[in-house]
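K.L.:
There are 2 protein chains.
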Amino acid sequence: MAKAQNSDPKRTPVEEIGKINLLERLLSVTGASLNDTLRYGEEGEFCWISSHILLLEGIDFDLIYTPLKHLGYKSVLGAFGPIVAHNYTPESISINIGLSKRFFVEDIEELWSGIAAALDEYKIKSVNLNLSSSLTGLAISLSSEGKQPKEILVQTPKVQPTDLLCLTGNLGAAYMGLQLLEREKVLFNSNPAIQPKLDGYKFILQSYLNPQLNTSIKDLFETSKIIPSDGVFINNGLADAVKFICKKHNTGAKVFLDKIPIASHTFEIAEELNMDAITAALNGGDDFQILYVIPLSKYEELNKEIPQLDIIGHLTSNSGETLLITPDGAGINLKAQGWSEGVSD
Amino acid sequence: MAKAQNSDPKRTPVEEIGKINLLERLLSVTGASLNDTLRYGEEGEFCWISSHILLLEGIDFDLIYTPLKHLGYKSVLGAFGPIVAHNYTPESISINIGLSKRFFVEDIEELWSGIAAALDEYKIKSVNLNLSSSLTGLAISLSSEGKQPKEILVQTPKVQPTDLLCLTGNLGAAYMGLQLLEREKVLFNSNPAIQPKLDGYKFILQSYLNPQLNTSIKDLFETSKIIPSDGVFINNGLADAVKFICKKHNTGAKVFLDKIPIASHTFEIAEELNMDAITAALNGGDDFQILYVIPLSKYEELNKEIPQLDIIGHLTSNSGETLLITPDGAGINLKAQGWSEGVSD
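The listed protein sequences correspond, in order, to chains F and L. So the first sequence is numbered by numbering that gives the first Met the number 0: it starts at 0 and just counts up by one. So the second sequence is numbered by numbering that gives the first Met the number 0: it starts at 0 and just counts up by one.
(1) Whole beta strand (DSSP E) runs in the segment 254-335 of chain L with 3 or more residues, listed along the chain?
(2) Per DSSP, which one or two residues make a beta bridge with Leu22(F)?
(3) State whether the segment 88-100 of chain F contacts the segment 162-170 of chain F, with contact taken as three or more CB pairs (one from each stretch) at a distance under 8 Å.
(4) Determine the extent of the alpha helix (DSSP H) in which Tyr207(L) is found, giving its start and end residues.
(5) For Ile193(L), does the three-state DSSP call read helix, strand or coil?
(6) Whole angstroms is fine: what's the gap from Ala3(F)'s alpha carbon to Asn129(F)'s?
(7) Taking C-beta to C-beta, are Ser132(F) and Ile58(L) nearer than 7 Å?
(8) Nearest-angstrom Cα distance between Glu320(F) and Leu180(F)?
(9) Give the C-beta separation of Leu118(F) and Ile139(F) to the nearest angstrom, bearing in mind that I take them to be a contact with Cβ-Cβ under 8 Å.
(10) Given that Ile58(F) touches chain L, what residues does it touch there, using C-beta distances under 9 Å?
(11) When you compare the CB of Gly43(L) with every CB in chain F, is at least one pair closer than 7 Å?
(12) Run the CB neighbour count on Ser353(F), radius 10 Å, all protein chains shown included, and call it buried at 16 or more, exposed below.
(13) First and last residue of the alpha helix (DSSP H) that includes Tyr72(L)?
(14) Sorted by chain position, which residues of the same chain lie with C-beta nearer than 6 Å to Ile268(F)'s C-beta, five sequence neighbours on each side aside?
(15) List, in chain order, every chain L residue whose beta-carbon is nearer than 7 Å to that of Leu53(F).
(16) Which residue comes first and which comes last in the alpha helix (DSSP H) that contains Ser345(L)?
(17) Between Gly113(L) and His69(L), is the Cβ-Cβ spacing less than 7 Å?
(18) Starting from the Cα of Asp285(L), find the closest Cα among Phe266(L), Leu212(L), Arg182(L) and give me that residue.
(19) Measuring only between beta-carbons, confirm whether Ile16(L) sits less than 7 Å from chain F.
(20) Specify the secondary structure class of Ala31(F) as computed by DSSP and reduced to three states.
(21) For the alpha helix (DSSP H) that contains Glu144(F), what are its first and last residues?
(22) Please report the distance separating the alpha-carbon of Gly283(F) from that of Glu120(F).
(23) Is it the case that the Cβ atoms of Ser125(L) and Tyr39(F) are separated by a distance below 7 Å?
(24) Going along chain F, which residues have a C-beta under 7 Å from Thr29(L)?
(25) With a threshold of 7 Å between beta-carbons, can Leu22(F) be considered close to chain L, or not?
(26) Going straight from the alpha carbon of Gly251(L) to that of Val158(L), what length do you get?
(27) Can you tell me whether DSSP reads Ile58(F) as helix, strand or coil?
(28) Does the Cβ-Cβ distance between Leu272(F) and Gln178(F) come in under 7 Å?
(29) Quick one: grab the DSSP three-state call for Glu41(L).
(30) Going by CA-CA distance only, name the one from Thr36(F), Phe60(F), Phe103(F) that's closest to Asn95(L).
(31) For Ser112(L), does the three-state DSSP call read helix, strand or coil?
(32) Run through the DSSP bridge pairs and tell me what Phe232(F) is partnered with.
(33) Using C-beta distances below 6 Å, list every residue in its chain close to Ala345(L), excluding the 5 sequence neighbours before and after it, in chain order.
(34) In terms of residue numbering, what span does the beta strand (DSSP E) encompassing Ile96(F) cover?
(35) Do Ile259(L) and Thr155(L) have their C-beta atoms closer together than 7 Å?
In structure tokens, the structure reads:
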């Protein structure tokens, strides 16, 4: 039957092209270009954006150490992240859950309790849900719509190759939390009688299991009349986010290593786990921070009105050149894990 | 670690409650009610609806006999179906594809060519795509937004327990196509040298592999000034759709067996495969027809202006009583496969 098609010898692994290049190539077929969200409805009073994520068990989460309630909460925030990053307000969400026979009503209710907590916190009234079967484990797809008055869209500045790169918070902690949980899982698997040692790791575990979305900056933008030119939700490390912004706007970027906020606790745990905290910040995942792109002309105002934002670098006109500047002034090419690995991120 | 949670003895299978009851219960936690789409944005000039489907390999499609291009095309139409059924126009789509290592760039391009063909046909300009990894096979999540001028929403009549149930086309053919393909797959697995016998089955195979969405009725509604009170995209058999409408609006329904349109070819193949064509129409899947709910007062106009619509029955005030009326006048309770089976549909 369809097997005959597979005799075609041309089989290119995704890694060979890279995920982002493949996305661009496919999107161009439909006249679309690279984006992390979808903007639509600009002919009305409001403009809309949608964010859509697909989370698959074994790839995006491990139920051995992720409580279902936490997973539900985190999934919703993961869907809202790109909306908030684009300066829109989440308004509605549609959730599809694929379940294998392993899951019972109580499990679904536990997952839903976390989802409902997040929806309550964000005052989301338009909600839909569907359940379907899955052969292998849990699959969660979330699609959320966000709104903005059209006048803000009109005022939004165009990205310039001098724009500032600003971060909503520290990086690398979630990745360290994940590494710690992975370590305990290995120990648990080798001897289930061993009790996990999780005391004293609250900060990194919370960062991974119970991340919060920093929406306060979005509110401060409103009061201080600063409108970012773009924003990207960091869920795959800082390097990936910077490269995404550069690819999208055809710019380069310089990120200053000593400006990247990393918590001292993250450094401590990194040392304990024999890992590098800076790599965790650049290439780890699940940080739930936002990288805002803000016009250089707002530099003074930013420092005065929104000192919580860390200015970590700026865009440049050297398209595609994304540099990490070390304290001694050397420039190292930023490497994004997800990109080189193709779809495996 | 999280294992401790599983010591709770209360483990209720989804079948015990039923999918639709569980959906209602979960949605009520967030103040939402049962729906197949999500309506939002009603404060602007336009109102919006979103449709969101998750398709998992091995459950929703079998790549042994489903060409990737057909799968892509059909997936998009499956996402547009509920939007068209609600009398909205699809405007945008966001697609997430989860891929295991089995899939190469050429496969993704093949899948995308079908997706792009559908998007081109429906003139969709707002498109987004993301790729991620999957442990086991292909997962496709599609989220689409549809638009309607607010004035139509305002004019939309409320569902009444006398409303007519109207179908856009014949049922059961897609299910017969699927059964034929399953038969050939079994033969092929037992002896790969056997060539599939698919000649003479074009109608049912097309119905399954290359379904079309009947959007012409939606256009006729516009010209004839008939506005349906509701509509549901039938993707899980007529019985499921009728029961869904009744549950949503707290009504009953009568469907007249001899009014259900089934193609003579579907009857022939059903006989050949030792199956029942009526069961295929009531409980088979993938028909891609729409069941419209239309005020009784439009009966004459409907017959005159949109004779293509088959009036197959009507709603009643006997909440939850969904009856199939046989030609001799007997009433049989409609059974929906998906409902009794919980999530396995």
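A virtual CB, placed ideally from N, CA and C, is assigned to each residue, including glycine. Predicted model, so just to flag it, every value in this text is computed and none were measured.
P.N.:
So, to answer that:
(1) 288-293, 309-315, 321-324, 330-332
(2) Bridge partners of Leu22(F): none, in fact.
(3) no
(4) 201-208
(5) coil
(6) Residue placement at Ala3(F) is poorly supported in this model, since its pLDDT is 44, which falls under 50; the coordinates still yield a value, given next. C-alpha separation (whole angstroms): 36 Å.
(7) yes
(8) 35 Å
(9) Incorrect: roughly 14 Å between the Cβ atoms, too far for contact.
(10) Gly97, Ser131, Ser132, Ser133, Leu134
(11) yes
(12) Given that chain F is displayed from residue 0 to residue 344, the structure contains no residue 353(F) and the question cannot be resolved.
(13) 67-84
(14) Met175, Ile203
(15) Asn95, Gly97, Ser131, Ala138, Ser140
(16) Residue 345(L) cannot be examined here, being either before or after the span of chain L that is shown, 0 to 344.
(17) yes
(18) Leu212(L)
(19) yes
(20) coil
(21) Glu144(F) -> not in any alpha helix (DSSP H); beta strand (DSSP E) instead, spanning 138-148.
(22) 27 Å
(23) yes
(24) Ala115, Leu118, Val126
(25) yes
(26) 12 Å
(27) coil
(28) yes
(29) coil
(30) Thr36(F)
(31) helix
(32) Ile289(F)
(33) Nothing about residue 345(L) can be read from this structure; chain L reaches only from 0 to 344.
(34) 88-98
(35) no
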